[in-house]
Amino acid sequence: MDLIQRLEQEEIKRLARNIPDFSPGDTVVVSVNVVEGERKRVQAFEGMVIAKRNRGLNSSFIVRKISSGEGVERTFQTYSPLIASIEVKRKGDVRRAKLYYLRGRSGKSARIREKTGGAEAETAE
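The sequence shown: position 73 = 141 (my numbering), numbered continuously.
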């Protein structure tokens with residue numbers, strides 16, 4: 069591991085962010101700190117993760133939602149100080165890492181199956 073990677077790992081440990089384990093297809097609620105003049109408030113952005121980019125400190129993910137009939141995508145830096153929290157609402161069952169094909173779909177064709185326990189759930193019963 070070279071010096072830059074070591075510094076990035078130390079910075080990630082120093083930030084000590086509580087980031088849940090999520091993947092493309094999952095529905096998440098990202099709470100973002102918004103500053104408007106003197107006021108500071110938390111704004112929630114709920115949508116489906118369509119892409120995740122794992123690059124250490126420069127990691128990011130794209131969340132897509134439908135707002136007033138229009139598709140809205142927002143890219144978040146995973147370790148950004150503007151992100152107050154990330155909450156996973158629902159796990160999606162997909163086979164691809166990048167779900168860009170959802171951009172061209174709407175309505176029922178844009179749905180993603182929910183991930184169930186599968187074989188583990190059957191043995192637990």
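Quick reminder that beta carbons are idealized off the backbone N, C-alpha and C, glycines included.
Predicted, not measured: the structure shown is a model, and the values here were computed from it.
Can you tell me the Cα-Cα spacing of residue i and residue j, whole angstroms?
i, j, result
"Arg121", "Gly160", "18 Å"
"Lys166", "Phe144", "15 Å"
"Met69", "Pro88", "25 Å"
"Arg109", "Gly137", "26 Å"
"Phe90", "Ile180", "15 Å"
"Val95", "Ala178", "Checking the displayed sequence, the identity of residue 95 turns out to be Thr instead of Val. Those two C-alpha atoms are separated by around 13 Å."
"Ser135", "Phe113", "11 Å"
"Ile72", "Arg85", "20 Å"
"Arg142", "Gly186", "32 Å"
Where do the N-terminal and C-terminal ends of the alpha helix (DSSP H) with residue i fall, by residue?
i, result
"Glu106", "Careful: Glu106 lies outside any alpha helix (DSSP H) and carries neither H nor E."
"Lys81", "71-83"
With residue i and residue j assumed to form a contact (beta carbons below 8 Å), what rounded beta-carbon distance in angstroms separates them?
i, j, result
"Val97", "Lys157", "6 Å"
"Glu76", "Gly124", "4 Å"
"Gln111", "Val100", "5 Å"
So the beta strand (DSSP E) residue i belongs to, where does it begin and stop?
i, result
"Ser128", "128-135"
(request) Could you pull out every unbroken beta strand (DSSP E) segment of at least 3 residues lying fully inside the region 139-176, listed in chain order? (result) 151-158
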